[in-house]
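A.B. asks: Just passing along the structure, written as C-alpha cells.
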Amino acid sequence: MKKYFFTLMILCLVSIGIQAQSDRWQQRANYKMDVELDVNTHKFKGNQKIEYYNNSPDTLYKVYYHLYLNAFQPGSMMDVRSRTIEDPDGRVKDRISKLTEEEIGYEKVLSLKQNGKPVDYKNVGTILEVTLHKPILPKSKTTFVMDFEGQVPIQVRRTGRDNKEGVAYSMAQWYPKLAEYDYEGWHPDPYVGREFYGIWGDFDVKLTLDEKYVVAATGYLQNAEDVGHGYEGIKKGAKSKNGKLTWHFIAPEVHDFTFAADPDFNHKIVEMENGPELHFFWKKNQGIDDVWNKLPDYLEQAILYTNKRVGKYPYKVYSVVQGGDGGMEYGMLTLITGKRNLNSLVGVTVHEMLHSWFQFVLATNESLYAWMDEGFNSYIGNEIEENVNGKDDGHGGSYKSYFYVVKRGIEEPLSTHADHFEKNAAYSIASYSKGAVFLHQLSYIVGQETFDKGFKRYYEEWKFKHPNANDFIRVMEKESGLQLQWYKQYFVYSTKTVDYGVQNTFTEGDTTYITLERIGKMPMPMEVKVSLDDNSETTYYMPLRIMRGGKKSEIEGNWVQLDDWPWTHPHYTIAVPTKGKKLKRVEIDPSQKVADIDRTNNVLEVSYIVEEGAGL
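In our numbering, the protein residues as written are 318 to 933.
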C-alpha cells in the first residue's frame, strides 16, 4: 500500500509539473508616478513608487532599471553604434554626437529606497544597477520609492522634443523603468536602438505641465472635467493653477506608459460599437486635416478584422498621435509622423496598432524574438491588405524582401539578438519580412484552416505571458497533430534555404514518372500539380517524414497523398498513371506559399518533340 501511495504521489507531482509549464509565472510592477514637466527648460522632476511582486521561485539580490533617455548623449552606446554600423538608421546617423548640453537627454536618480531604507545603486549608461539592502524572497512583495529628474532631448529616435513636424513632446521610454526578470533571468539590455521588454502592472500617473498643452497618453483619463481639451466634448475644463494643469491617467495591465503633448493638437474621439474608444491627435494648420479625418474608418475596419482573426483587443482606449520619428507602438497608443498621404497614414497606423496584440498583450521579448512581434504583425497586416483593402498579393512584398536578403548574402538567423545584427537591413528584413513568411509558410505546412484556429488559440493561451518561439510551435503542434520542431530549427535558428526543382520526367507504358530534386538545404513538404493533355489535373502531396503525418486537402479537385519524403533523400519520384494521355505541365508549390528561393525550376512545361516513351 505504501509503495502504491508513493508511486501515486510521484505521478501526481509529474502531472502538476507538466501542467504548470504552460502557465509561466509573471513578475508584476505597479507604478504610481507624479511628474512635472517644465516646457521652458524641457526638464522634468518626478516621484515614483513601485510595488514589485516577485512571483518567481528565485530570491532576488539585485534589480535593474532602464534609463532610456541616457542614450541621447554623445558617446553613448546608441551613438557609437550608429556611427560605426555599415548601414546606420538614417534618422540617427551621427546626430547624437552633435547634441549640446541643452539638447541631450538624461535621467538621474536622486534617491532610491526599498521598503523605506536607502539602497546602493550605480548608473551605467542606460541601466541603473541596484543592490538591494534586503533580498526579495520568492512569492513576496517589496516597495521601491524613487525621486528622479530628467531632460527631454531634441527628438532623434522615437522620443524627444520638437520633432521634424513641430510636435512639442513625444515622451516615450522616458521614466526609470524596472527591467524584466523571467524564466531566463534578468533582461537589463542597454538601449542601443532596438526593441524593449517590460513587466505588466497597473500605472497611476499624474502629469503637470503648462495649461495650453493637450496631452495624449497611455490609459484612461481620470479628470476630464478638470483638463478639458476635447476629452469631454464641449466641456472646457476647470481653471488651472499658476498656468498649469495636472492630468491624471490610470492604465491597467500594461508594461509601458507613454505620453505626447502639444499646444496645437486637434483632438478627435470616435466611439466604436463593441470596441475601444478611438482618440486622434494631430497638429492644426498643417494641411493634413482631410486625411486625418478619414483615418478613423480605416482603423475601425482593421481593429474589427484583427479582433476576429487574432483575438479581442482588451483595453477600452486606443490613441493615434502625431509625433515621434516615423511610427512606433506604445501602450494603448502609437506615435506616428502625420504629414502623409492617406495610404501612407493608414499603412503606418494599422501596422503600429497591430502591435497592441503582439507587443502589448502577448509581449514576447522583442530583443530576442523581434520577428514574433514585427513579423507576426506584418503577417496580419498583409492579411488586412488582402481581405480588407482588396490587394491581390498582400504577402508578396514579404517574400520579395526575404529573397533579397538571401541573394545578397547578408541574412542572419531569426534567433539573433536584435541589437547584434551586423546590418540594419538584415535585422529589418529578418524581423518584418522573414517573420511574416514564417507564418504564411506555416499555414501551408499545417493547412490554412488549422493555422487560423491555432493562431487564435495561441493568443488566448499566451496573452499576458511573454511567449517564446517554442510556445508558439507547441500550440501549432497541438492544433495540427503534426511534429513541427524541425520547422523552427531550420527557419528560425539557421539560414538554410528552400529550393526544389523538377529534375526530369519519363514515360513507361501507362505511367509517367516525375523526379523532383531538393536543391536547398531546408526540407519542406511538397505539393505538385500535374496537368495532362486532356486538361485533367491532380495535386500530389508528399509530407515530410519528420512531420509524422500530413495536412488535409485544401483544394477542389483531385488530391493524392503519397508516401512521406525523408529529409535525408535529395530526390523523390512520383508515378503518374497516364494511360495513353500525355504529360502537359508540372508545377511545384502552386500556392506559392513556400519560400523557394529559385522558382524558375518549379514549373516544367512539356513539349513533345520526341517520340512518346523517350526521355523528355
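Think of the CB as a built atom: it goes at the ideal place given N, C-alpha and C, for glycine as much as any other residue. All figures in this text were calculated on a predicted structure; none of them were measured in a lab.
Over the uninterrupted beta strand (DSSP E) stretch that includes T829, give me the two end residues.
C.D. replies: As a working mapping, residue 829 is identified with position 512 in the sequence shown. Segment 828–835, the beta strand (DSSP E) holding T829.
A.B. asks: Name the DSSP bridge partner or partners of E871?
C.D. replies: The residue given as residue 871 occupies position 554 in the sequence shown. E871 is not bridged to any residue.
A.B. asks: Considering only the alpha carbon of each residue, which of V522, L562, E617 lies closest to Y571?
C.D. replies: The count along the sequence shown starts at 1 and reaches residue 571 at position 254. Strictly speaking, residue 571 in this sequence is Val, with Tyr absent from that position. That would be V522, whose Cα lies nearest to the Cα of V571.
A.B. asks: So, are the CB atoms of M864 and V911 less than 8 Å apart?
C.D. replies: Stepping through the sequence shown from its first residue, residue 864 is reached at position 547. Stepping through the sequence shown from its first residue, residue 911 is reached at position 594. Going by C-beta atoms, M864 is not nearer than 8 Å to V911.
A.B. asks: Considering Cα atoms alone, identify which of Q490, T563, D406, F465 is closest to T575.
C.D. replies: Numbered from 1 along the sequence shown, position 258 holds the residue referred to as residue 575. Selected option, being the one with the closest Cα: Q490.
A.B. asks: Would A892 pass as a contact of Y830 if the rule is Cβ separation under 8 Å?
C.D. replies: Locating residue 892 in the sequence shown gives position 575, counting from the first residue. Locating residue 830 in the sequence shown gives position 513, counting from the first residue. In contact: A892 and Y830 (Cβ atoms closer than 8 Å).
A.B. asks: If distances are taken between C-alpha atoms only, which option among G433, F461, E794 comes closest to K770?
C.D. replies: On the sequence shown, residue 770 is found 453 positions in, with the first residue counted as 1. Taking only the C-alpha atoms, the option nearest K770 is E794.
A.B. asks: Measure how close the beta-carbons of G711 and L756 come, nearest whole angstrom, since I'm counting them as under 8 Å.
C.D. replies: Position 394 of the sequence shown, counted from the start, is the residue given in the question as residue 711. Position 439 of the sequence shown, counted from the start, is the residue given in the question as residue 756. Incorrect: roughly 12 Å between the Cβ atoms, too far for contact.
A.B. asks: Does DSSP put H757 in a helix, in a strand, or in coil?
C.D. replies: Counting from one through the sequence shown, the residue named residue 757 turns up at place 440. In the structure shown, H757 sits in a helix (DSSP, three-state: H, G or I).
A.B. asks: How is H886 classed by DSSP in three states: helix, strand or coil?
C.D. replies: As a first step, residue 886 must be located in the sequence shown, where it is residue number 569. Coil, per DSSP.
A.B. asks: Just checking my contact of W882 with R862 at CB under 8 Å: how many whole Å lie between their CB atoms?
C.D. replies: On the sequence shown, position 565 is the one that residue 882 refers to. On the sequence shown, position 545 is the one that residue 862 refers to. About 7 Å; that satisfies the 8 Å criterion.
A.B. asks: Within its chain, find whatever has a CB closer than 7 Å to the CB of H381; leave out the 5 residues flanking it on each side and keep chain order.
C.D. replies: One-based indexing of the sequence shown puts residue 381 at position 64. A quick correction: the sequence has Tyr, not His, at residue 381. Hits under 7 Å: I444, L445, E446, V447, A496, W503, P505.
A.B. asks: What first and last residue would you give for the alpha helix (DSSP H) that runs through K795?
C.D. replies: In the sequence shown, the residue the question calls residue 795 occupies position 478. Run containing K795: 786–797, per the alpha helix (DSSP H) assignment.
A.B. asks: With a threshold of 8 Å, are at least 3 pairs of Cβ atoms found where one atom belongs to the stretch 693–703 and the other to the stretch 722–729?
C.D. replies: With the cut-off at 8 Å, the stretch 693–703 and the stretch 722–729 do not touch.
A.B. asks: Assuming L616 is part of the alpha helix (DSSP H), what are its boundary residues?
C.D. replies: In the sequence shown, counting from the first residue as 1, residue 616 sits at position 299. Looking at the DSSP string, the run of the alpha helix (DSSP H) that includes L616 is 606–626.
A.B. asks: Does L801 come out as helix, strand or coil in the three-state DSSP assignment?
C.D. replies: Position 484 of the sequence shown holds residue 801. It is coil, neither helix nor strand.
A.B. asks: Just to confirm the assignment, what range does the alpha helix (DSSP H) spanning T459 have?
C.D. replies: As a position in the sequence shown, residue 459 is number 142, starting the count at 1. Where T459 is concerned, there is no enclosing alpha helix (DSSP H), although the beta strand (DSSP E) it sits in stretches over 457–468.
A.B. asks: By the three-class DSSP mapping on this structure, what secondary structure does L365 have?
C.D. replies: Residue numbering aside, residue 365 sits at position 48 when the sequence shown is read from its first letter. What sits at residue 365 in the sequence shown is Gln, not Leu. The answer is strand: DSSP assigns Q365 an E or B state.
A.B. asks: L377 bridges to which residues according to DSSP?
C.D. replies: Within the sequence shown, numbered from 1, the residue matching residue 377 stands at position 60. I453, per the DSSP bridge assignment.
A.B. asks: Can you check the stretch 504–539 for any beta strand (DSSP E) of at least 3 residues that lies completely inside it and give the ranges in chain order?
C.D. replies: Complete beta strand (DSSP E) runs here, min 3: 518–527, 531–534.
A.B. asks: Name the one or two DSSP bridge partners that Y635 has.
C.D. replies: Against the sequence shown, residue 635 aligns to sequence position 318. Paired residue(s): L595.
A.B. asks: What is the DSSP secondary structure of W688, reduced to helix, strand or coil?
C.D. replies: Locating residue 688 in the sequence shown gives position 371, where the first residue counts as 1. Of the three classes helix, strand and coil, the one that applies to W688 here is helix, per DSSP.
A.B. asks: Exposed or buried, what is I551 when buried is set at 16 or more other beta-carbons lying within 10 Å of its beta-carbon?
C.D. replies: The residue you call residue 551 lines up with position 234 of the sequence shown. In this prediction, I551 scores a pLDDT of 39, lower than 50, which makes its location untrustworthy; the coordinate-derived value is nonetheless stated afterwards. It is exposed - the Cβ of I551 has fewer than 16 other Cβ atoms within 10 Å.
A.B. asks: On the DSSP letters alone, give me the boundaries of the alpha helix (DSSP H) that S811 sits inside.
C.D. replies: Walking along the sequence shown from the start, residue 811 turns up at place 494. Element bounds for S811: n/a, residue is neither H nor E.
A.B. asks: Are there 16 or more other CB atoms within 10 angstroms of the CB of Y548, so buried, or fewer, so exposed?
C.D. replies: Stepping through the sequence shown from its first residue, residue 548 is reached at position 231. Flag for Y548 reads buried.
A.B. asks: What's the gap between the Cα of W342 and the Cα of K773?
C.D. replies: For the purposes of this step, residue 342 is taken as the residue at position 25 of the sequence shown. For the purposes of this step, residue 773 is taken as the residue at position 456 of the sequence shown. Their backbone Cα atoms lie some 22 Å apart in a straight line.
A.B. asks: Could you pull out every residue in the same chain whose Cβ sits closer than 7 Å to the Cβ of E403, ignoring the five residues on either side in sequence?
C.D. replies: Indexing the sequence shown from 1 puts residue 403 at position 86. Closer than 7 Å at the Cβ level, and outside the excluded window around E403, lie K740.
A.B. asks: Who pairs with V674 in a beta bridge, going by DSSP?
C.D. replies: Here residue 674 refers to the residue found at position 357 when the sequence shown is read from its first residue. The question names Val, but residue 674 in the sequence shown is Trp. Answer by DSSP bridge pairing: none, since W674 is not bridged.
A.B. asks: Spatial neighbours of L442 within its chain, please: CB distance less than 7 Å, with the 5 preceding and 5 following residues excluded, ordered by chain position.
C.D. replies: Position 125 of the sequence shown, counting from 1, holds the residue named residue 442. Note that residue 442 is Gly in the sequence shown here, rather than Leu. So the list reads N387, S393, M394, P507, once near-sequence residues are dropped.
A.B. asks: Sort V436, Q468, D437 by Cα distance to L416 and report the nearest one.
C.D. replies: Taking the first residue of the sequence shown as 1, we reach residue 416 at position 99. Here the closest residue by C-alpha is Q468.
A.B. asks: Can you tell me the Cβ-Cβ gap for T895 and L849, rounded? I've got them flagged as a contact below 8 Å.
C.D. replies: Along the sequence shown, one-based indexing puts residue 895 at 578. Along the sequence shown, one-based indexing puts residue 849 at 532. About 6 Å; that satisfies the 8 Å criterion.
A.B. asks: For S661 and L612, what's the separation of their Cα atoms in angstroms?
C.D. replies: Locating residue 661 in the sequence shown gives position 344, where the first residue counts as 1. Locating residue 612 in the sequence shown gives position 295, where the first residue counts as 1. Those two C-alpha atoms are separated by around 11 Å.
A.B. asks: DSSP state of A496, grouped into three classes?
C.D. replies: Here residue 496 is taken as the residue at index 179 of the sequence shown, counted from 1. The answer is coil: DSSP assigns A496 none of H, G, I, E or B.
A.B. asks: Going by DSSP, what residues sit across from K561 in a beta bridge?
C.D. replies: To locate residue 561, count along the sequence shown from 1; it is residue 244. Partner(s): D527, K558.
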